[in-house]
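What follows is one structure encoded as C-alpha cells, with my remarks underneath.
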Amino acid sequence: MADVVLHPDRAATSKTVRKRGGLHNMLKRKSTVAFLMALPLILLIAILVIYPAFYALHLATLNKSMQRFIGLSNFEFLFKRETFWLVVKQSCIFAITAVIFKAVLGFIIAHFVHNIPAKGQRKWRGMLLVPWVIPPAMSTLAWLWLFDPSYSAFNYTLSFFGIGPIPWTGDEMWARFSVILVNIWVGAPFFMIMYLAALKSVPDQLYEAAAIDGANWWQRIWYVTLPMMRNIIAITTLFSLIVTFANFDIVRILTAGGPLDHTHIFATWAFRIGIEGSDIPLGASVSLFMVPILAVAAIFILRDISKRGNEA
Amino acid sequence: MSRRKLSRRQFVAATALTSAALVTAPYVRGAHAAGKLSIGFWDHWVPGANKASTDIVNAWAEKEKVEVQIDYIPSQGNKNLLTIAAEAQAKSGHDILAMPTWWPHAQAELLEPMNDVMDGLIKQNGEPNGTVKYLGQSKGKWLAVPASVGSQIKGPCSRIDLMKQHAGIDVQALYPAGAPPKADSWNLETFLKAAEACHKAGVPFGIGLGETSDNVDSAGAFFQAFGAALVDEKGNLTVKTDAVRQALEFYKKLIAFLPPDAGAWDDSSNNKWLVSGRGAMIMNPPSAWAVAKRDAPQVAEQCWTHGFPSGPKGRFAPYLAYFWGTWSFSKNKEAAKSVLRTLSQPDAIEKMCVASGGYDLPCYEKLTTLKVWQEEAPPKGTLYHYPNPHNHQTLSIAAAPAPPKIAQQIYTQATLTKMCLRYSKGEAMEKTLAWAEGECEGFMRS
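Protein chains in written order, with the numbering used here: chain Z, 8 to 319; chain L, -7 to 438.
Below is the structure:
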C-alpha cells in the first residue's frame, strides 16, 4: 500500500513496459512476421479476388437490367435451360478427361525424365516445360491454325496418307477432342514437373528394399512410388481441376463454344451470355455455378490429405 | 504607424466596382477553356483509317479549346464490348464511346438522349436507314448518334470470272457500275442454282454457319427474304410459321453446296476463302476485297460487290451499324454533342469513308453516293453498289423486327445458324422449331 502511495506512477510505467514488451514479443513471433509479410498479398487477393467474388454474388441476384433484386431466380431460370445442362455436362467432360490425361501423361513423362542421367536431364526438363510457359492464348492460336477448318496443317499432312479431311472444329465430337487435346498439351508439363519433384524425394532405400523382396517394376510403382506420391497427386489434381474447370482461353480461341454449343464450358458460356449478350446477372450466375462443384471436390481431396497427414 | 480604417461607404463602393469589372471584363479563353473530353473510338481494321477521325477531332478541339484524349479500342477479343460493360458498371469512363449494333439498346438506361443532335443531322443529311432507327432509337429517344466508321453492309462479293464460267451469271451486267441494278432475275432460285454449279466446279460459295456475326448476318438476310422471324416486333413468338419452315428448307438445300466445314467458320474464314481463290462468292463488306488487293491482286481484279438475291418477301441485305454514345454520367456532354455533330458533317463523313477505302457506310440517305465508291478499283466500279445507292434492297439486321433486347439474344446466341445446322444434320423440322422456340422464350426474360 505504502509503495503505491510513495510511487504513484510506477504501476503505469510497468504497464507501458509490459505493453511495449507485448508488442515487441508479438513482432518477434514468427507467425506475426509471416502475416505482415503476406499482408500485401492478402490485400491484393482481397481486392482482386474476394471483392469481385462477392460482387459476382450480388450481380447474380439482380434482374437482367440490374435494377431489381430477384434472389435466386437467375439460377432457377438456368436450371430450366437445355443449353445450361449441356454446358454443365461439357464442363465436367472437359475438366475430368483433361485432368486424367494430364496426370497420366505427366506421370509417365516424369518417369522417363527421372531415368535420364542427371547431366542431360536439365535440357529435357526445359524443353518439356515449353508448352506450359507459353501464354495459352498464343499457343492456342497456333493450334487454331493447325486445326483451321479450311487450311488445317494436320489435314494437309494426313492427306498424304489418304486420311481426312477431319473436321477438327466443325464436328461436335472432334471439336471436343480438339479442345481437350490442347488443354492436355498445355497442362501436362505442370504435372510432369510436380511428379518429377515428388519422384526425386522418394528415398532410394525403399526401392532397394522392394528389389530385395523381388518386386517387379509394376509392384515398385504400385507399392512404393504411388503411396509416396499420393499427396502431391491429390494436390496437383485438385489444383488442375480448378484451373481446368475455370478455363476460358483455349475454348474461346479454338471453337468459341461451337459447333452448336457443344464445346461451351462455364467460363465461355458466361462470357457469351454476360458480355456478348448484355445479360451480366445471368452470366455471373453461370460462372458462380462452378463454385459448389469445385468446393465439393476440394473438401474431399483436402480432407483426404489432412487425414493422411494426421496418420503420418 | 497609421492605421487606415475602411468605412462602410468605401467598402460598398469597392465591392460594386469589383463586381462591375468582373461582369464586364472580356472572357479570355485558355488553351483548354472548355474542359476535357475523352473518346473511345472503334479501332478500324483498315490501316490508316483512324487518322481521319483523329484529324477531324483535333481540328474541332483546337477550335473549341477542348483538351481531347482519344483511345482506339479494338473489337478483336471483344475488347470494345468489355469496355462498354466495364464503364456501364463503374458509371465512369469515356465521354463518347463507340458502340456496335445492339449496345445502345442494351445500355439504353445509361445513355444521354441525342434527339437534339439527331434532329439537325437528319435535316441536313437525310433520313437514316430503317436498321439504324431500329437499333438507335427507343420510344422516340435517340440513344446514340449513328457512326459512319465501322458501319457496313455485308452483301455478296462475287468472283466475276467464276460466276460467269460456272454459273453463267454476269454479275457486272446485273449490277452495272454507275447505273441502277438490272437484277430482277437475281433471286433465291438463281442463287441456289449458282451455288450448286460453283460447288460442282470446286469453287463453292463461302457462306459460314458458325456463331459469329458474318454467319448470323447472312442467315438473317435469307430468313427475311422469306419473311421469317422468330419473334415479331411486339415480342410474340413466331417460330412455328410457314415462313420459318421455308427458310430452313432453303438453307438445308444451300448447306449441301457450301464447304463441309462451314459450321466452324468465324468472321475471318470467309475472307480467307475469297483471298485464297477457293470460292466464287462470300458475304462481306469490302475488307476481304481490300486484303485481296494487297495479297492476291489477281483475285481482287475479279471481285464485284453487289446486292442480295430476292426472296418471296423481298430483297434484304444485312446492315451492321455502329454508334457513338454518350453516357448519362459523362462530365462533358455538351462538348461530346458538339464533336459528334462535327463528325457527322458530310465532309467529315466523306473524309472518313475515303480513309477507310470505302469500307465505312453512312446511314443517311443523302450520303450513299459518295465518289469513293464510284472510283475504287480494281476493277473500276467494284464498290459502286456496295452502299445500296439505288435502294435496291432493304437494309436489315438478323433477328429484326423482334424487340432489340430479345433480338440481341437471338443474334449473339446465333439461333438462326444453329437452327439451320440442326435441321440440315437430319433433325426433324418440328424438333428444330421446338428447340428454337424454347430458346426464344428464354431470351424474353426481363
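Even for Gly, the Cβ is constructed at its ideal location relative to N, Cα and C.
Just so it is clear, the structure is predicted and the values come from calculations on it, not from any experiment.
When secondary structure is reduced to three states using DSSP, residue 235 of chain Z falls in the helix class. For residue 71 of chain Z, the chain L residues whose Cβ falls inside 7 Å of its Cβ are 437, 438, in order along the chain. Here the alpha carbon of residue 185 of chain Z sits roughly 15 Å from the alpha carbon of residue 267 of chain Z. Think of a sphere of 8 Å around the beta carbon of residue 416 of chain L: no beta carbon from chain Z falls inside it, the nearest being about 11 Å out. L:236 is the residue among L:81, L:189, L:285, L:236 whose C-alpha sits nearest the C-alpha of residue 211 of chain L. Contact between residue 33 of chain L and residue 62 of chain L holds, with the beta-carbon distance rounding to 6 Å and staying under 8 Å. Per the coordinates, the alpha-carbon of residue 135 of chain Z lies some 6 Å from the alpha-carbon of residue 196 of chain Z. Across the region 261 to 286 of chain Z, CB contacts with chain L closer than 9 Å involve 262, 263, 264, 265, 266, 267, 268, 278, 279, 280, 281, 282, 283, 284, 285, 286, in sequence order along the chain. Inter-segment contact for the region 174 to 182 of chain Z and the region 252 to 271 of chain Z is present: three or more beta-carbon pairs are separated by less than 8 Å.
Bridge pairing for residue 144 of chain Z: absent [DSSP].
Taking a contact to require three or more Cβ pairs closer than 8 Å, the region 391 to 409 of chain L and the region 188 to 196 of chain L do not qualify as touching. The contact set of residue 83 of chain Z on chain L, defined by CB atoms closer than 7 Å, is empty, because the minimum CB distance reaches about 11 Å. Between residue 253 of chain L and chain Z, the shortest Cβ-Cβ separation is below 8 Å. Between residue 71 of chain L and chain Z, the shortest Cβ-Cβ separation is not below 8 Å.
Cβ contact annotation for residue 225 of chain L (same chain, cutoff 6 Å, sequence separation greater than five): 393, in chain order. If you draw a straight line from the Cα of residue 123 of chain L to the Cα of residue 385 of chain L, it comes to about 12 Å. Secondary structure in the region 79 to 140 of chain L: the beta strand (DSSP E) runs of 3 residues or longer, each lying completely within the stretch, are 88 to 92 in chain order. Using a C-beta cut-off of 8 Å, the region 355 to 368 of chain L makes no contact with the region 45 to 54 of chain L, since fewer than three inter-stretch Cβ pairs fall below that distance. Taken atom to atom, the span from the alpha-carbon of residue 143 of chain L to that of residue 214 of chain L is near 20 Å. Counting only runs of at least 3 residues, the region 132 to 216 of chain L fully encloses the following beta strand (DSSP E) elements, listed from N- to C-terminal order: 137 to 145, 148 to 151. Contact of residue 257 of chain L with chain Z is assigned, a C-beta pair being separated by under 8 Å.
Taken through DSSP and simplified to helix, strand or coil, residue 37 of chain Z comes out as helix. Residues are counted here when their Cβ sits less than 9 Å from a Cβ of chain L; for the region 176 to 194 of chain Z these are 176, 177, 178, 182, given in chain order. Across the structure, residue 375 of chain L and residue 149 of chain L are spaced so that their CA atoms are roughly 9 Å apart. Distance check between residue 40 of chain L and each of L:326, L:227, L:346 places L:346 closest, using alpha-carbon atoms only. Between residue 225 of chain Z and residue 189 of chain Z, the CB-CB gap reaches or exceeds 8 Å.
Look at residue 292 of chain Z: its C-beta is not under 8 Å from any C-beta on chain L.
In the structure shown, the three-state DSSP call for residue 258 of chain L is coil. With contact defined as three or more Cβ pairs closer than 8 Å, the region 172 to 180 of chain L and the region 128 to 144 of chain L are not in contact. Rounded to whole angstroms, the Cβ separation of residue 319 of chain L and residue 104 of chain L is 7 Å, and the two are in contact under 8 Å.
Within the same chain, 222, 223, 429, 432, 433 come within 8 Å of residue 229 of chain L by CB-CB distance, once the 5 residues on both sides are set aside. Take residue 188 of chain L, set aside five residues on each side of it, and the residues of its chain with a beta-carbon closer than 6 Å to its own are 249, in chain order.
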